[in-house]
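*Asks:* Pasting in a structure now, in structure tokens, and then I'll have a few things to ask.
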Amino acid sequence: MSAEKLSIREKVGFSLGDAAANFVFQAMMMYQMNFYTEAFGLTAGVAGILFLVGRLYGAVADPIMGGIADRTNTRWGKFRPWILWTALPFGIIGFLSFTTPDFSLTGKIIYAYATYILLMTVYSMNNVPYSALSGVITGDQKQRSSLFSFRFIFVVLATLAIQGFVLPMVSHFGPTDKAHGWQVTMGIFSALAVLFFVCTFSWTKERIKPNPEQKQSLKQDIQDLLGNRPWVIMFGVFVLMFIFLGIRNSVLIYYFQNYLNPDSMKSFMDSMNNGVGGVLTSVFSSDTSKVADSLYSVSNILGQLASILGIIVSSFIAVKYGKRNVFVFGLILALFSAASFIFITPDAIMMVFVLQILY
Numbered sequence: 204m205s206a207e208k209l210s211i212r213e214k215v216g217f218s219l220g221d222a223a224a225n226f227v228f229q230a231m232m233m234y235q236m237n238f239y240t241e242a243f244g245l246t247a248g249v250a251g252i253l254f255l256v257g258r259l260y261g262a263v264a265d266p267i268m269g270g271i272a273d274r275t276n277t278r279w280g281k282f283r284p285w286i287l288w289t290a291l292p293f294g295i296i297g298f299l300s301f302t303t304p305d306f307s308l309t310g311k312i313i314y315a316y317a318t319y320i321l322l323m324t325v326y327s328m329n330n331v332p333y334s335a336l337s338g339v340i341t342g343d344q345k346q347r348s349s350l351f352s353f354r355f356i357f358v359v360l361a362t363l364a365i366q367g368f369v370l371p372m373v374s375h376f377g378p379t380d381k382a383h384g385w386q387v388t389m390g391i392f393s394a395l396a397v398l399f400f401v402c403t404f405s406w407t408k409e410r411i412k413p414n415p416e417q418k419q420s421l422k423q424d425i426q427d428l429l430g431n432r433p434w435v436i437m438f439g440v441f442v443l444m445f446i447f448l449g450i451r452n453s454v455l456i457y458y459f460q461n462y463l464n465p466d467s468m469k470s471f472m473d474s475m476n477n478g479v480g481g482v483l484t485s486v487f488s489s490d491t492s493k494v495a496d497s498l499y500s501v502s503n504i505l506g507q508l509a510s511i512l513g514i515i516v517s518s519f520i521a522v523k524y525g526k527r528n529v530f531v532f533g534l535i536l537a538l539f540s541a542a543s544f545i546f547i548t549p550d551a552i553m554m555v556f557v558l559q560i561l562y
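When we follow the numbering used here, the leftmost residue of the sequence shown carries the number 204, and every step to the right adds one.
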């Protein structure tokens, strides 16, 4: 193991890779359903089937890509080359996935399937090797902890950018044409993703080398995982968690747009603008036609800031009660907070924010 101290530049470079991936991943999780139904022209049913097919494909592609990356050997290492090789395709396909072509409905469905499957493919080719990169950058636990601290900061910043500012950007670039607004907005974030991935490749170094005599087949890797009961349990938990996240994140924007009362949202937004000295007004519009998107964006920002506090607090609580117990309690609290949305009346905007922050 190498105890070499990592430079700030390398920590930032590594972290930029996760920020870049989150530009597209967060957009997929939060907005792609809305994009398909409100700008692209698909029905919710067609988009839902597309997501099911794409995610099932991703569930197969990820472990296969893990096996391929683990067996890659170049002068740049095992995992860094994949980040470089996929950088430009990632950006291009991310851009195309939020572009609306002038096709017939059938043509659009074919285009949506092609771009979504390609996006899932390039995401696996990029993110699976990236996830393994930290294990070969350093073997020192303190350095690795510092690396993850930097990574967390950049992920939060990327998440805040997507969840908080994408809809205002779409409105700005496409005031009368949402499809154009989505294309320009995601074009900007996709270009940034390419740049960040190149920085990740250029500014990091793989130091931990595997034992050349260690040979194991992909079949044996899979058998070892399936025989690991704790891994199987956590795999099942996270599959269910991501199903839940995918559903909730996709439908929450419709909750704001189609369920909550526009006049109540406008009144709440005006009171927020007055309360913070009009800071929100410069970014988030309180116009009746845009207030749902504005409040949705603000709730995402506050929810993300609350999650930072939650992570800080949970680290202290876990010392006393254990990570597993805190994790289980957190899931129960999140479930309660999410389920409580069903009892909210259309004009109870404050309660929406309270539950969003608690969640």
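Just so it is clear, CB atoms sit at the ideal spot from N, CA and C, and this is done for glycine as well.
Note that the structure is a prediction, hence the values are computed from the model and not measured.
Is it buried or exposed for Trp-434, if we count other Cβ within 10 angstroms and need 16 for buried?
*Replies:* exposed
*Asks:* On a CA-only basis, which of Thr-379, Val-373, Tyr-260, Arg-274 is nearest Tyr-319? Give me that one, please.
*Replies:* In this structure, Tyr-260 is the residue among Thr-379, Val-373, Tyr-260, Arg-274 with its C-alpha nearest to the C-alpha of Tyr-319.
*Asks:* Taking DSSP as the reference, what is the three-state secondary structure of Gly-533?
*Replies:* Residue state, collapsed to three classes: helix.
*Asks:* From the DSSP secondary-structure annotation, give me the bridge partner or partners of Gly-216.
*Replies:* Answer is none; Gly-216 lacks a bridge partner.
*Asks:* Look at the alpha carbon of Trp-385 and the alpha carbon of Asn-464, and state the distance between them as a whole number of angstroms.
*Replies:* The alpha-carbon separation between Trp-385 and Asn-464 amounts to approximately 25 angstroms.
*Asks:* Assuming Gln-346 is part of the alpha helix (DSSP H), what are its boundary residues?
*Replies:* 344-376
*Asks:* In chain order, what residues of the same chain have a beta carbon less than 8 angstroms from the beta carbon of Ile-504, not counting five sequence neighbours either side?
*Replies:* Leu-363, Gln-366, Gly-367
*Asks:* Let me check understanding here. Comparing Cα to Cα, which of Asp-427, Ile-312, Arg-410 lies closest to Thr-246?
*Replies:* Ile-312
*Asks:* Pairing CB atoms from the stretch 281-296 with CB atoms from the stretch 395-404, are three or more of them under 8 angstroms?
*Replies:* yes
*Asks:* Less than 7 angstroms between C-beta atoms, sequence neighbours within five positions excluded: which residues of the same chain meet that for Ser-540?
*Replies:* Leu-558, Leu-561, Tyr-562
*Asks:* Within 7 angstroms: the Cβ of Ser-374 and any heavy atom of the ligand FAD?
*Replies:* This structure simply doesn't include the ligand FAD, nor any ligand for that matter.
*Asks:* To which residues does DSSP link Gly-280 through a beta bridge?
*Replies:* Thr-277
*Asks:* Spatial neighbours of Trp-172 within its chain, please: CB distance less than 8 angstroms, with the 5 preceding and 5 following residues excluded, ordered by chain position.
*Replies:* The question about residue 172 has no answer here: the residues shown for the chain are numbered 204 through 562.
*Asks:* Taking the continuous alpha helix (DSSP H) assigned at Thr-324, which residues delimit it?
*Replies:* Thr-324 -> alpha helix (DSSP H) spans 308-340.
*Asks:* Give the list of continuous beta strand (DSSP E) stretches no shorter than 3 residues that lie fully inside the stretch 398-472.
*Replies:* none
*Asks:* So Ser-500 and Phe-487 are supposed to be a Cβ contact under 8 angstroms. How far apart are they, rounded?
*Replies:* 6 angstroms
*Asks:* Within a Cβ cutoff of 7 angstroms, which residues of the same chain sit near Gly-390, ignoring the five residues on either side of it in sequence?
*Replies:* Phe-298
*Asks:* Under the rule that 16 or more other beta-carbon atoms within 10 Å means buried, what is Thr-548, buried or exposed?
*Replies:* exposed
*Asks:* Tell me the rounded alpha-carbon separation between Ala-537 and Asn-452.
*Replies:* 13 angstroms
*Asks:* Relative to the C-alpha of Gly-338, which candidate in Ile-411, Met-328, Lys-345 has its C-alpha closest?
*Replies:* Ile-411
*Asks:* Given this structure, state the Cα-to-Cα distance separating Gly-602 from Asp-424, to the nearest angstrom.
*Replies:* Shown here, the chain extends from 204 to 562; a query on residue 602 therefore has no answer.
*Asks:* Should Val-401 and Ala-224 be called a contact, given that it needs their Cβ atoms to be closer than 8 angstroms?
*Replies:* no
*Asks:* Is the CB-CB distance between Arg-354 and Ser-218 below 8 angstroms?
*Replies:* Closer than 8 angstroms, so yes.
*Asks:* Could you tell me which of Lys-281, Phe-357, Lys-381 sits nearest to Asn-329, measuring between CA atoms?
*Replies:* Lys-281
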